[in-house]
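Here the sequence shown stands for residues 1 to 659, where the numbers follow UniProt numbering. Below is one structure; the comments refer to it alone.
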Amino acid sequence: PTGYMENSISYSAIEDVQLLSWENAPKYCLQLTIPGGTVLLQAANSYLRDQWFHSLQWKKKIYKYKKVLSNPSRWEVVLKEIRTLVDMALTSPLQDDSIHQAPLEIVSKLLSENNNLTTQDHESIIVAIAPLLENNHPPPDLCEFFCKHCRERPRSMVVIEVFTPVVQRILKHNMDFGKCPRLRLFTQEYILALNELNAGMEVVKKFIHSMHGPTGQCPHPRVLPNLVAVCLAAIYSCYEEFINSRDNSPSLKEIRNGCQQQCDRKPNLPLRLLHTSPDLVSQEATLTESRLKPVIVTSNEIHVEVERNNTANQKMTANVGNDSEPNLIDCLMVSPTCSTMSIELSAQADRILGCYVEILKMLSDYDDWRPALASLLQPIPFPKEALAHEKFTKELKYVIQRFAEDPRQEVHSCLLSVRAGKDGWFQLYSPGGVACDDDGELFASMVHILMGSCYKTKKFLLSLAENKLGPCMLLALRGNQTMVEILCLMLEYNIIDNNDTQLQIISTLESTDVGKRMYEQLCDRQRELKELQRKGGPTRLTLPSKSTDADLARLLSSGSFGNLENLSLAFTNVTSACAEHLIKLPSLKQLNLWSTQFGDAGLRLLSEHLTMLQVLNLCETPVTDAGLLALSSMKSLCSLNMNSTKLSADTYEDLKVFL
1 PTGYMENSIS YSAIEDVQLL SWENAPKYCL QLTIPGGTVL LQAANSYLRD QWFHSLQWKK
61 KIYKYKKVLS NPSRWEVVLK EIRTLVDMAL TSPLQDDSIH QAPLEIVSKL LSENNNLTTQ
121 DHESIIVAIA PLLENNHPPP DLCEFFCKHC RERPRSMVVI EVFTPVVQRI LKHNMDFGKC
181 PRLRLFTQEY ILALNELNAG MEVVKKFIHS MHGPTGQCPH PRVLPNLVAV CLAAIYSCYE
241 EFINSRDNSP SLKEIRNGCQ QQCDRKPNLP LRLLHTSPDL VSQEATLTES RLKPVIVTSN
301 EIHVEVERNN TANQKMTANV GNDSEPNLID CLMVSPTCST MSIELSAQAD RILGCYVEIL
361 KMLSDYDDWR PALASLLQPI PFPKEALAHE KFTKELKYVI QRFAEDPRQE VHSCLLSVRA
421 GKDGWFQLYS PGGVACDDDG ELFASMVHIL MGSCYKTKKF LLSLAENKLG PCMLLALRGN
481 QTMVEILCLM LEYNIIDNND TQLQIISTLE STDVGKRMYE QLCDRQRELK ELQRKGGPTR
541 LTLPSKSTDA DLARLLSSGS FGNLENLSLA FTNVTSACAE HLIKLPSLKQ LNLWSTQFGD
601 AGLRLLSEHL TMLQVLNLCE TPVTDAGLLA LSSMKSLCSL NMNSTKLSAD TYEDLKVFL
């Protein structure tokens, strides 16, 4: 052919590619040899010419290997060609993802089309392509092949030597398993293969530690989310048989309302809700003499045997006719006397469950991972079948305990539900919840840590009084100091309106030494509070600079301050601890905290109690967004000084909306 190209040339038609190097040759040209002649390609510069040259050579060789490996005859030759292909990809000067991905896809197709390979052939091919996997994710079909190898030969050295760096790269760099689910499945099978080794979970533990690193902070932010995603998917797969039967099983509403309707359903599954020992946690049950007869709800999938008290019956009656989907934990619990479902898993599913729950425990032991882990497990991401499984909730209790022991608010606040009407871990592991298997120790631990940081203390106490008063009273009766404090706070903040209930709380407090002592202290504080709030005293008060919390407490205990409207603590050494005294001033409208150490904890307390406050000066205080957002509930506030604080622009805009 002569002149300019009018038709395209297929890569397979190119017989040879050369750089023109003879004297007086056209500059920056390539010579392509094709049947019947040659073609010259002229580039703008030498760099572009070289890129064309290497690209054309690459394409030409790729077509050759595709043809050779599409019809394998002798596997010794095939293995040699694969090694040559890998060497070509590693030595190519081209910088492009397809340079390494194309050989992997060729090998992946070869393996998917040939199922009669021996185990030795499998391992030889995996070792041959291992260098390409150091910087590239395996394609989907190759992931399937790797999964099969992990299942069939978990003790193979290939799993440790070749798959370990591949899985490490996946966990460090993968951004979304939703786009490549087979990568997640391969990671899941790899971890299960590690668990099959002689050392078992010790090997898995070392692998998790290697992913975290030796320092106190993991340098790879994607490792934890990816590990949690693998764990959640694996745990979900253990209950998949039960989950898939939901379509033909009674609805949650039918279970809750005691519907005994029978219809054509799938064969029985071994799912049964069992009785527990007599109700140890409901003091309210002592107020009711009679109980209803046990009710049995039977279906082809789920057998639920429940014993309801009058309180539970009233709660259920109130929901009759409501078409909304009932609360998850309510459906599992049905009444406070029911706690667990006995679910029989297969041996394989049981091993998977044990392995991945143990990994969640390991993750919760790392301090830097715990905040993100708590966030990833809120709201509850497990299916209701898992939450009804006693073994699962018992093993997962360790993780929840770690959250309840962590003093950081971003960790233990995840124990609560994300919104009203949606139960969280706190409700699940509270007495009467389906996961509670102790006498309330974990419940008391959660209440203790939440009360120390919850800025809506009164709202939290009100929730406890409405839903968990019985367990609180029972634990207080057994001498639990946290619950004694809770009952005293309920009395102090007037949370309980019913006189009989108040008397019952007082009787509970006086039944133990610690309760009696704390109730006497409460009575003393109440007498002092009445004296403090008695009308009279100054309307304006300024503390001297360098005054402390103790100085403020001593001053306020010296007389009546029922008329105090303006209090200046500017340039003193008071901290958030003085908030306990400030909230006792009923007429306070102006508060100056300029250049003090008053922080977020104090702001949270003020926001709940000083609803009449109009002017607040927080200039040069250590308050942050967490505390300032609590002020959004103070509707009477008309002047707020936040100069020289850690206020962010977003919080400023939010406060402008609320105030």
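Positions of the beta carbon are idealized from the N, C-alpha and C atoms, including for glycine.
Backbone secondary structure at residue i - three-state DSSP
i, result
"Ser55", "helix"
"Asp96", "coil"
"Ile14", "coil"
"Leu117", "coil"
"Arg540", "strand"
"Leu417", "Per the sequence shown, residue 417 should be read as Ser rather than Leu. Three-state DSSP puts Ser417 in coil, outside helix and strand."
"Ile496", "coil"
"Thr548", "coil"
"Glu575", "Note that residue 575 is Thr in the sequence shown, not Glu. Residue state, collapsed to three classes: strand."
"Asn226", "helix"
"Val86", "helix"
"His389", "strand"
"residue 660", "Residue coverage of the chain in this structure runs from 1 to 659, which leaves residue 660 outside it and unanswerable."
"Asn174", "coil"
"Val343", "Looking at the sequence itself, residue 343 is Ile, so the reference to Val does not match. Note: Ile343 maps to strand in three-state DSSP."
"Asn566", "strand"
"Asn643", "coil"
"Leu489", "helix"
"Leu585", "coil"
"Gln378", "coil"
Cα-Cα separation between residue i and residue j, rounded to whole angstroms
i, j, result
"Pro93", "His100", "12 angstroms"
"Ser8", "Leu90", "30 angstroms"
"Leu363", "Ser375", "13 angstroms"
"Glu653", "Leu628", "12 angstroms"
"residue 660", "Ser507", "This structure leaves residue 660 out entirely; the chain is present only between 1 and 659."
"Thr457", "Met473", "18 angstroms"
"Ile449", "Glu405", "7 angstroms"
"Leu30", "Tyr63", "20 angstroms"
"Ser417", "Lys468", "15 angstroms"
"Leu20", "Leu142", "41 angstroms"
"Ser607", "Leu491", "20 angstroms"
"Cys488", "Ser644", "38 angstroms"
"Asp121", "Glu189", "21 angstroms"
"Phe460", "Phe186", "44 angstroms"
"Glu112", "His149", "One detail in the question is off: residue 112 reads as Ser in this sequence, not Glu. Cα to Cα, Ser112 sits roughly 13 angstroms from His149."
"residue 737", "Asp549", "This structure does not reach residue 737, given that the chain is present from 1 up to 659, and the question cannot be answered."
"Leu171", "Leu522", "54 angstroms"
"Ala649", "Glu528", "42 angstroms"
"Ala193", "Ala347", "16 angstroms"
"Leu462", "Ile496", "8 angstroms"
"residue 692", "Glu202", "No statement about residue 692 is possible, as the shown extent of the chain runs from 1 to 659 and does not include it."
Nearest-angstrom Cβ-Cβ length linking residue i and residue j, presumed shorter than 8 angstroms
i, j, result
"Cys638", "Gln614", "5 angstroms"
"Thr596", "Leu640", "Actually they do not touch by this definition, with Cβ atoms about 16 angstroms apart."
"Gly440", "Leu475", "5 angstroms"
"Ile126", "Val86", "The Cβ separation is near 12 angstroms, so there is no contact."
"Lys589", "Glu565", "5 angstroms"
"Asn138", "Phe146", "According to the sequence as given, residue 138 is Pro; it is not Asn. The pair is a contact, with the Cβ atoms about 6 angstroms apart (cut-off 8 angstroms)."
"Leu183", "Pro381", "Not quite, the Cβ-Cβ distance comes to about 20 angstroms (not below 8 angstroms), so this is no contact."
"Trp52", "Ala43", "6 angstroms"
"Ser156", "Glu123", "7 angstroms"
"Ser430", "Leu477", "Going by Cβ atoms, the distance from Ser430 to Leu477 rounds to 17 angstroms, so no, they are not a contact pair."
"Cys355", "Asn195", "5 angstroms"
With 16 other Cβ atoms within 10 Å as the buried cut-off, status of residue i
i, result
"Asn617", "buried"
"Asp96", "exposed"
"Tyr47", "exposed"
"Gln504", "buried"
"His209", "exposed"
"Met483", "buried"
"Leu40", "exposed"
"Gly200", "exposed"
"Glu358", "buried"
"Thr393", "buried"
"Asp600", "buried"
"Val574", "buried"
"Met634", "buried"
"Tyr11", "exposed"
Quiz prompt | Residue ranges of each alpha helix (DSSP H) within the segment 430–455, 4 or longer | solution = Restricting attention to alpha helix (DSSP H) runs no shorter than 4 residues, the segment 430–455 encloses them at 441–451, ordered along the chain.
Practice problem: Kindly provide the ranges of any alpha helix (DSSP H) runs that are 4 or more residues long and lie completely inside the segment 195–223, ordered along the chain. | Solution: 201–212
Practice problem: Go through the segment 22–54 residue by residue and report every complete run of the beta strand (DSSP E) that reaches 3 residues or more, in order. | Solution: 29–34 and 37–42
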